[in-house]
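Protein chains in written order, with the working numbering: chain A, 1 to 354; chain B, 1001 to 1262; chain C, 2001 to 2334.
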């Protein structure tokens, strides 16, 4: 009754091709934007912002990057933590060696560094696919784990191997409160989500999906596999690089080399599988799931009044996590995004059953 | 069926092509030519190497011997996307559609070669990128009208019945605006009505756009009706080459189809 | 194999060169070099055992079992803990039963519902199994470091001291492990070639549908395969646990075994052995001899080459010969 397209006819291709063709969707998105930008900073606690919202947004950005590569272009990557690391360390090195640069510039440069590295490690994708490619990306993961731990230049010769970031300066505005950090990250992530949505609707996005669905046929209609795959790696790594820089600078503040280990890479992969491969919205759902779940699992014993040691809680977390992944793969392989889409379909018909 | 057509010079020449996979000889020393604007059929019993021949022409397989001349350029082997850039498009026997995309998007991928805007403009969706999307959408809509699939443009292709999927495959190939169109069994699995529709489309494409057509087909009545010349393959060799009537009367062709050992 | 493939020949030449370089350049005494190589071979045997489990499952069901490492850990934990209250060989037998039960559960709850999905979904599912097993194993058996005592003396023995100056230190345990691994491989080879079940497994590996159409029960075969892989995991777990103690990090072993199957070929049993040995020796040589060179040249903070050497080697192989040394080439037909 509320969610119907009736009466919303389009008379130009431009109108038909817009991102949110249904008016109700546009209103919903507007409300969401107002809520996120204007309401949340005032009502959310500092803890909520620091521990939940900011990590959620940054991980959603990284998951979005991985989704572009794996969900839209079909290239499996188990090493995206490495590209986040490249972004973080690049941002750190640029920030301390070229003082006075606005953080926005630092972010873009960090992203470009990650994009370059991503393209290099994406070169094997021209010859190998699937599982074999996953192994190649793991090589990137372990190699960069080692590089950032051992090559002292990257940590500015810090004796402990860990880095601490300077204050974040944005054209004179210093990001020193959780609210300011939150709004900055929100703005970046919203912008990048918009750009990603545009990319997947454009020529390059279609070439990615064509390579994913049937690369021989894609080549036959003139899509160059190298251009498509390397552009996917480049854009995906750019997103992850920016996310990594944000993760290090805004969320962590200081970190050691293992902050971007394979655990992070696997978490990103889980996010896009649970959230939905090939879906921008799904990346957000998946990130929310992975961020909120450990917190829930941690607090649940206290809520339920069952005493449990922290190591037992962590073991249970592992078990429940593993079981949930299997459950999702069996029950809804297309992830939460598909559940959302099904929900909308039902809403279109409500209150009628069919 | 008689229709006025201006058949021109050979636009595609296959010379001495041989292709093997490991020990299997798929093609042996095959040579023939295709004239511009004509409809050329490739026929033969199963396993004769017809699909392999098309795959060699547009670069999916690389022959061990021989060469292909297309529009004046001679090549021993070519990459598929190069073939597409030079104006060869094809459909597949087993429908290589992009199952994750809608009909509209599938056909739009065929326009990829003609779209030029860079990555940043596409991300911002302004200026040349936006104009291109709308322009090429208009072209694709004309193809959709031509093949009468308007009602299905937003449907994911995986959900369409087989006959409609074949039309989408054809539409995607047409979106390249090719000079030569290779059709691999375009009427396989269709009933009589669908076959008549498909024949009509193929003839219209040849008529209105002047596209040269090379098609593999098993239905003899279709071959006799719409093709100008026919090549017959058997066990990877060419055994006949000429007009439909000449080929139909050829003893070697009759033997091949009847399974008479030779 | 090397006929027209000069990149492969170049790669192999590079490997051989790297192998003998420390000896040829006189950078180390011969005895020490042999010790390092032996140590590498031992590690390699362990990698091979884990990789063997991968190959078995991949051959028979096309699934890449990321959980193999977790299975090794779980098996080792079971034996270690049960051996506290009974002789170790009894614990091992019980552990076999546990692994078979585990195999049955995995086939029922994870593989069967996902049978029609693409490879990445199955891979993710085995990742889920990994997480679950890790957590479950530690919940049930505990998360300390445990010992497995096989009754073999732990002191190394000096051998060949007339051939090499100072002799070479060899561990009796390692020797027993190598023999056990060889026996296992021989047993598996016999199993596949001579028994009806083994033949059925090979049929399934070749073509699922054809095997089904001659009446081979696919589900039962998969339980058998995962059980065999479980037993292989058990052997690997016992050997590894006896040598290093049973601890959580063993499940990370799965990550080391991936390069092994890349080198050897995903579907080749001899490939898993050869690949494991090459990786084991290569890693050790790189860490001991290449590491210091790099540290000096680039002013690095410590070694740790072993963490990525195997993967870089695998990456090189992927670019030059993706099907591995013994694997089958995959041809896409349109």
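By construction, the Cβ of each residue, glycine as well, lies at the ideal position given by its N, Cα and C atoms.
Reduced DSSP category for residue i - H, G, I as helix; E, B as strand; rest coil
i, result
"residue 1109 (chain B)", "helix"
"residue 141 (chain A)", "helix"
"residue 347 (chain A)", "helix"
"residue 1021 (chain B)", "strand"
"residue 129 (chain A)", "coil"
"residue 1200 (chain B)", "helix"
"residue 2171 (chain C)", "strand"
"residue 212 (chain A)", "helix"
"residue 1028 (chain B)", "strand"
"residue 164 (chain A)", "strand"
"residue 1078 (chain B)", "coil"
"residue 254 (chain A)", "strand"
"residue 2300 (chain C)", "strand"
"residue 1102 (chain B)", "strand"
Identity of the residues DSSP links to residue i by a beta bridge
i, result
"residue 1067 (chain B)", "B:1015"
"residue 1041 (chain B)", "B:1215 and B:1230"
"residue 1033 (chain B)", "B:1013"
"residue 1090 (chain B)", "B:1182"
"residue 169 (chain A)", "A:174"
"residue 2146 (chain C)", "C:2246"
"residue 151 (chain A)", "C:2300"
Inter-residue spacing [alpha-carbon to alpha-carbon] between residue i and residue j
i, j, result
"residue 2172 (chain C)", "residue 113 (chain A)", "51 Å"
"residue 154 (chain A)", "residue 88 (chain A)", "10 Å"
"residue 2234 (chain C)", "residue 2145 (chain C)", "17 Å"
"residue 1132 (chain B)", "residue 1196 (chain B)", "35 Å"
"residue 1059 (chain B)", "residue 222 (chain A)", "11 Å"
"residue 57 (chain A)", "residue 239 (chain A)", "12 Å"
"residue 92 (chain A)", "residue 2024 (chain C)", "43 Å"
"residue 1140 (chain B)", "residue 1084 (chain B)", "17 Å"
"residue 1158 (chain B)", "residue 1103 (chain B)", "9 Å"
"residue 1148 (chain B)", "residue 142 (chain A)", "54 Å"
"residue 1003 (chain B)", "residue 1097 (chain B)", "Because residue 1003 (chain B) carries a pLDDT of 47, less than 50, the predicted location of this residue cannot be relied on, and no value is offered for it."
"residue 8 (chain A)", "residue 17 (chain A)", "13 Å"
"residue 2232 (chain C)", "residue 205 (chain A)", "45 Å"
"residue 355 (chain A)", "residue 2315 (chain C)", "No answer is possible for residue 355 (chain A): it lies beyond the span of chain A, which begins at 1 and ends at 354."
"residue 347 (chain A)", "residue 5 (chain A)", "11 Å"
N-terminal and C-terminal residue of the alpha helix (DSSP H) that residue i is part of
i, result
"residue 1158 (chain B)", "Premise fails: residue 1158 (chain B) is in no alpha helix (DSSP H) and is neither H nor E."
"residue 2204 (chain C)", "2196-2206"
"residue 50 (chain A)", "Premise fails: residue 50 (chain A) is in no alpha helix (DSSP H) and is neither H nor E."
"residue 73 (chain A)", "No alpha helix (DSSP H) contains residue 73 (chain A), which DSSP labels as neither H nor E."
"residue 19 (chain A)", "It is not in any alpha helix (DSSP H) - residue 19 (chain A) carries neither H nor E in the DSSP assignment."
"residue 1141 (chain B)", "1127-1146"
"residue 226 (chain A)", "225-246"
"residue 2215 (chain C)", "Careful: residue 2215 (chain C) lies outside any alpha helix (DSSP H) and carries neither H nor E."
"residue 2137 (chain C)", "2119-2141"
Own chain partners of residue i with C-beta closer than 6 Å, once the 5 adjacent residues on each side are dropped
i, result
"residue 1062 (chain B)", "1077"
"residue 2059 (chain C)", "2205 and 2267"
"residue 335 (chain A)", "274, 275, 276 and 282"
"residue 1111 (chain B)", "1136 and 1175"
"residue 79 (chain A)", "137, 138, 140, 141 and 265"
Terminal residues of the beta strand (DSSP E) in which residue i lies
i, result
"residue 1212 (chain B)", "1212-1216"
"residue 2284 (chain C)", "First-last for residue 2284 (chain C): 2269-2285, but that is the alpha helix (DSSP H), not the beta strand (DSSP E)."
"residue 1181 (chain B)", "1180-1184"
"residue 1074 (chain B)", "1073-1075"
"residue 1240 (chain B)", "1237-1242"
Same chain, Cβ closer than 8 Å to residue i, five either side skipped, listed in chain order
i, result
"residue 229 (chain A)", "73, 75, 122, 125, 126 and 211"
"residue 2261 (chain C)", "2051, 2054, 2055, 2058, 2271, 2272, 2275 and 2324"
"residue 307 (chain A)", "301"
Residues near residue i in its chain [Cβ-Cβ closer than 7 Å; skip 5 each side]
i, result
"residue 1074 (chain B)", "1067"
"residue 2309 (chain C)", "2282, 2283 and 2286"
"residue 256 (chain A)", "161 and 162"
"residue 1006 (chain B)", "1037"
beta-carbon residue i near the ligand ATP non-hydrogen atom, thresh 7 Å
i, result
"residue 2111 (chain C)", "The ligand ATP is not among the ligands present in this structure, which contains no ligands whatsoever."
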